[in-house]
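In our numbering, the protein residues as written are 9 to 458.
Just so you know, even glycine gets a beta-carbon here, dropped at the ideal spot from N, CA and C.
All figures in this text were calculated on a predicted structure; none of them were measured in a lab.
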Ligand code: UDX
């Protein structure tokens, strides 16, 4: 099938979530012809109408540019997307199942659809798994599904690679354009060389690229997320110790620790715990994967336990300020699991709100982007349309997401509007000296005044 002479210039992306759409707009912004395939008709319509189907800074503008210049279009037919392109990236979601193991149904359906399309296609095609999948999935699940449906043979008739993605929500486009590293897991040499060529051309050879086997590449993603989650749980555990010692501040401690280049300062911010669609799910999936394979993973268990406890700890700090919580108003600033996204998946805000509502406090939230919560169990959680409205009459305010808008608040903003000016800073955005001087201020990782 002459794989070596095929330029991989026409790209299909199967799945239009954060990873899929960021990959699609970035390739198309550099004049690769891209088809983004989604079974969700509303999303396809939105993309073709140059609108991002979800909130992500910069995505709307990038989409506008790519769709207008005709280098990007959305399709609901995966068959069409595959048949008109040379390479397909699988970027569908891999959620967790109730038991914490990975749910591969979308990966399987994408692989089968690609297989069916390849059966009718004469030319060589490269399939690249970008979705986060546990080691062995590309070889043992994706490959057989494609081969079964296409009657073709991997490595001979079509190419197969694993190419994990490390972008963060909130900076998805920037991260896709400027990654720290590229990981290419290859089923066979030709597949790896083709993907390497494509990525080298796109990044102009400026990004370190590591080639390895499929399973190692899949594992890099889990090992990276596990390490970052471990750093956060470590910082949160240190914060809890710091809180018990008068005069100690975890922010200063972590600044000191992070100056060691062997450690580095990133992901050492103690707070309300990690949320989002990746860390909680991926650490659980890796823990369960390890267990299934007879490996011990006590560290991963501890990382998850510390994380669960952290949201409860923040709720406890709030309750300790309220006295009898019934009927008292708590202003909760920030709902999204982190700034610059509207994503509520595994958001610490919801875990904290659950604890406060269970204690019969009235919880009122404000988030610059999340304006309502469409979950029946949070009917009692009120949403305000400004910080001020959220603070009015509150007996305690807890900062859960470190949006820029909140960083500009001064002690006066709280004193002016609240029934009792008490602030629990779960993201360490305020200056303790300034705030302690003016109101009752408690913060994650901050010991009493000495
Ligand atoms: C993460 C990884 O960073 C990314 O490489 C991977 O591809 C997907 O998962 P994301 O979930 O988008 O990205 O956000 P990230 O910025 O990593 O934050 C995750 C959670 O950790 C957030 O809830 C954030 O508030 C929390 N966090 C992060 C901390 O509590 N402290 C920190 O120091 C850093």
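Residues near residue i by beta carbon distance below 6 Å, same chain, minus five either side
i, result
"residue 189", "216"
"residue 369", "333, 336, 338"
"residue 329", "404, 430"
"residue 460", "Only positions 9 to 458 of the chain appear in this structure, which leaves residue 460 out of reach."
"residue 296", "108, 109"
"residue 71", "33, 58, 60"
"residue 23", "99, 100"
"residue 229", "140, 172"
"residue 54", "61"
"residue 392", "372, 374, 398"
"residue 218", "191"
"residue 158", "123, 126, 127"
"residue 180", "26, 30, 64"
First through last residue of the beta strand (DSSP E) which encompasses residue i
i, result
"residue 337", "337–341"
"residue 170", "166–170"
"residue 175", "Note, residue 175: premise wrong, no beta strand (DSSP E); not H, not E."
"residue 135", "133–137"
"residue 286", "Segment: none, residue 286 is in no beta strand (DSSP E) and carries neither H nor E."
"residue 97", "95–98"
"residue 227", "Per DSSP, residue 227 belongs to no beta strand (DSSP E); it is in the alpha helix (DSSP H), 222–251."
"residue 261", "Not the beta strand (DSSP E): residue 261 falls in the alpha helix (DSSP H), residues 258–266."
"residue 451", "448–451"
"residue 141", "No beta strand (DSSP E) contains residue 141, which DSSP labels as neither H nor E."
"residue 21", "18–22"
"residue 148", "First-last for residue 148: undefined, no H or E at that position."
"residue 3", "There is simply no residue 3 to check, as the chain begins at 9 and stops at 458 in what is shown."
"residue 82", "80–83"
"residue 407", "404–407"
Contact set for residue i: own chain, Cβ-Cβ below 8 Å, skip 5 residues either direction
i, result
"residue 112", "102, 141, 145, 149"
"residue 309", "295"
"residue 10", "Residue placement at residue 10 cannot be trusted, given a pLDDT of 49 that sits under 50; what the coordinates show is reported in the next sentence. Excluding sequence neighbours, residue 10 sits near 132."
"residue 460", "With the chain running from 9 to 458 in the structure shown, residue 460 is simply not present."
"residue 245", "314"
Residue span of the alpha helix (DSSP H) that contains residue i, given as start and end
i, result
"residue 123", "113–127"
"residue 384", "Segment: none, residue 384 is in no alpha helix (DSSP H) and carries neither H nor E."
"residue 399", "395–399"
"residue 428", "That residue, residue 428, is in no alpha helix (DSSP H); it is neither H nor E in DSSP."
"residue 156", "151–158"
"residue 90", "86–91"
"residue 413", "412–415"
"residue 180", "180–185"
"residue 200", "197–211"
Residues near residue i in its chain [Cβ-Cβ closer than 7 Å; skip 5 each side]
i, result
"residue 80", "32, 33, 36, 42, 44, 74"
"residue 425", "396, 399, 400"
"residue 323", "360, 363, 364"
"residue 351", "177, 284, 285, 344, 345"
"residue 380", "391"
"residue 153", "116, 119, 120, 123"
"residue 187", "174, 215"
Inter-residue CB distance, residue i and residue j (contact presumed, cutoff 8 Å)
i, j, result
"residue 258", "residue 278", "5 Å"
"residue 16", "residue 206", "4 Å"
"residue 147", "residue 222", "5 Å"
"residue 202", "residue 134", "5 Å"
"residue 427", "residue 402", "6 Å"
"residue 407", "residue 437", "6 Å"
"residue 121", "residue 162", "So it is not a contact: roughly 16 Å between Cβ atoms."
"residue 325", "residue 450", "5 Å"
"residue 27", "residue 129", "At roughly 24 Å, the Cβ-Cβ gap does not stay under 8 Å, so residue 27 and residue 129 are not in contact."
"residue 233", "residue 291", "7 Å"
"residue 19", "residue 40", "5 Å"
"residue 193", "residue 224", "6 Å"
"residue 4", "residue 56", "The first residue shown for the chain is 9 and the last is 458, placing residue 4 beyond what the model contains."
Any chain C beta carbon closer than 9 Å to residue i
i, result
"residue 88", "No chain C is present in this structure, which holds just one protein chain."
**Given 8 Å, three or more beta-carbon pairs between the stretch 194–210 and the stretch 165–172** = yes
**Item:** the stretch 304–320 in contact with the stretch 267–283 per 3-pair CB rule at 8 Å
**Value:** The stretch 304–320 makes contact with the stretch 267–283, as at least three CB pairs between them are under 8 Å.
**Asked** Are there three or more Cβ pairs, one per stretch, closer than 8 Å when the stretch 82–101 is compared with the stretch 63–73?
**Response** no
**Request:** Count the CB pairs spanning the stretch 357–369 and the stretch 297–309 that are closer than 8 Å, and state whether there are at least three.
**Result:** no
**Request:** Report the residue ranges of all beta strand (DSSP E) runs contained in full by the stretch 325–381; include only those spanning at least 3 residues, in chain order.
**Result:** 337–341, 370–374
**Prompt:** Given 8 Å as the limit, is there contact between the stretch 407–421 and the stretch 341–354, that is, 3 or more CB pairs closer than that?
**Reply:** yes
**Request:** Please go through the stretch 36–73 and give each complete beta strand (DSSP E) segment of 3 or more residues, from N-terminal end onward.
**Result:** 41–45
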